[in-house]
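Numbering that gives the first Met the number 0 puts the first residue of the sequence shown at 0, with every later residue one more than the last. Here's the structure we're looking at; comments come further down.
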Amino acid sequence: MCIGGPALIYYVTPTEEELFMRYNPELQRRSLERRKEKQEDFDQFVGRLKQYSKSDKPAWEEDAARRRQLGIQAELDRRKSEAEEAEARKQEMQNSLR
């Protein structure tokens with residue numbers, strides 16, 4: 000008879016529910032509050048991994064390209080809104096002179 004190995008590890012390792020029940024009430028409450036947020040983060044992470052796996056590039060290059068594209072789009076949106084505000088001020092000044 001052999002004592003140890005994977006069977007022993009499986010036997011002595013507590014389940015997630017047993018660990019949760021050992022938390023103090025404050026930790027249990029915080030864990031329950033953050034559970035949905037953590038699940039959403041994980042789902043987004045898995046979605047990005049699936050998207051990155053469609054490309055031949057490494058995941059970090061895909062992520063860098065995505066962030067660059069988001070940064071470019073944010074800058075374009077910012078410039079567009081500034082141009083619209085400038086145009087609105089210009090129209091307001093023209094209307095006030097009439």
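By construction, the Cβ of each residue, glycine as well, lies at the ideal position given by its N, Cα and C atoms.
- In the three-state reduction of the DSSP assignment, G70 falls in the helix class.
- Where R47 is concerned, the enclosing alpha helix (DSSP H) starts and stops at P24 to S52.
- If you look at R21, you'll find it in the alpha helix (DSSP H) that goes E15 to R21.
- Under the three-state reduction of DSSP output, K89 falls in the helix class.
- For I2, there is no enclosing alpha helix (DSSP H), as DSSP marks it with neither H nor E.
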